[in-house]
Structure formats: structure tokens, C-alpha cells
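Just so we're aligned: 316 in our numbering is position 100 of the sequence shown, and the numbers increase by one with no gaps anywhere. All C-beta atoms, glycine included, are put in the ideal place defined by N, C-alpha and C. Predicted, not measured: the structure shown is a model, and the values here were computed from it.
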Amino acid sequence: MVSARTDKEEGDLRNGTLFGVYGNVLKKFEFDDAIQDVQTTKDSDIWVSYFDENMDSGLRCYDNDGVQTFDYVDFVMQTGRKVPFISDCYALNVTSKDTNIYYYSDFPLVTLNKTGYKIIRNVPIKGSHAFAILNDLVMFSHGYDHRAVVYLYSLRDKKKKKFQTVNQS
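This is how it looks when you write it as C-alpha cells:
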């Protein structure tokens, strides 16, 4: 369980807790402030994305002991700034092979993996807070413009289709 905010005034910066199957606390972690999303892999990598009140990283990975193993700012610097910095990580999608992020302000779709990275620029959906990827298709939740829609975007054809959702209550 993770709290998006740390309690700096109380002096406790540990905002992540791993519970056992019976509800007992196994470990406590310090993931920093302004957490947007948390996802894990089957290898117990813990990927944490941050919203705009955390300007230190935007994305980090931790091992199952809470030790940081990846920092996005360091990664950007290692690429010679070929990858854009994250101002606010809107959406995160983690698999065992890839970590995919979509972020403000230009909203690229960036895939990170052990062999490198891939940037998809000019994604026509702006402001989505969730996405799923299957092969060359990406399903985005609504963007800034429409609340009751989802978009299917083809990475190959660079085309999007809009679908109305039902039961918005």
C-alpha cells in the first residue's frame, strides 16, 4: 500500500508498506513525495511515477528491499538528453519486459527496457491518465478534450479511433 504523500512534518518519510497475507507489516519503504502510480513486475521491481510536485525524478524503480535501482533524470542525462524530462507522469504501464510512460508536457509515449528505449512522439491524445498496449495498438483513457471516451491509437498507422463509453454515472 502506498500513500501519494509523505508526512514530512511528522518526520516519517516512509510512505510505502508491504503487508503479508494476514495483514501483518512485512516492510516499510520510502518512495518520496507526490506519487502518481505504483506498479510491480513479477520479479518484484517496484516502479513509481510522480506528479508535478516532485521535480526530482518523474520515475524511479526500486527493488523489493526498497533500494532505488533506476532514476529517470539520471537516465535522461545518460542519453545526452535525447529523451524528454518528465514534468508530470500522467500514466505508467509496466510489464516484465517493458516500462511504458506517458507524460506532460509533450505527451510522448516512452518505452524503457534492458536493451534501451523507444520514443513515440506526436501522440494525438493529450492528458490521458491510463493506457494499455497490445502489439502496435494503444488504448488510452479519455484525454483533456472528452471525458466519456477512450481512444484506440495505432502506432503503425498513426491513426486514432474514438469510442464512446457507457454508464458514466
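Let me confirm a value: A364 is counted as buried when at least 16 other C-beta atoms fall within 10 Å, else exposed. Which label applies?
exposed
Nearest-angstrom Cβ-Cβ length linking Y306 and I341, presumed shorter than 8 angstroms:
Not a contact, Cβ separation roughly 10 angstroms.
Between A250 and D272, what straight-line distance do the alpha-carbon atoms span, to the nearest angstrom?
10 angstroms
Is the segment 226 to 240 touching the segment 308 to 323, taking contact as three or more C-beta pairs under 8 angstroms?
no
Residue range of the alpha helix (DSSP H) that M271 falls in?
From DSSP, M271 is part of no alpha helix (DSSP H); its letter is neither H nor E.
Within 10 angstroms of the Cβ of R221, are there 16 or more other Cβ atoms? Answer buried if so, exposed if not.
exposed
Under 8 angstroms between the Cβ atoms of V241 and F247?
no
What is the rounded straight-line gap between the Cα of M293 and the Cα of V382?
44 angstroms
Only counting runs of 3 or more residues, tell me where the beta strand (DSSP E) segments fall wholly within the segment 347 to 382, in order along the chain.
347 to 350, 353 to 356, 365 to 370 and 375 to 380
Three-state secondary structure assigned by DSSP to T299:
The sequence given here has Val at residue 299, not Thr. Residue state, collapsed to three classes: coil.
How is the alpha helix (DSSP H) around D290 delimited, first residue to last?
Y288 to Q294
Put N329 into one of helix, strand or coil per three-state DSSP.
strand
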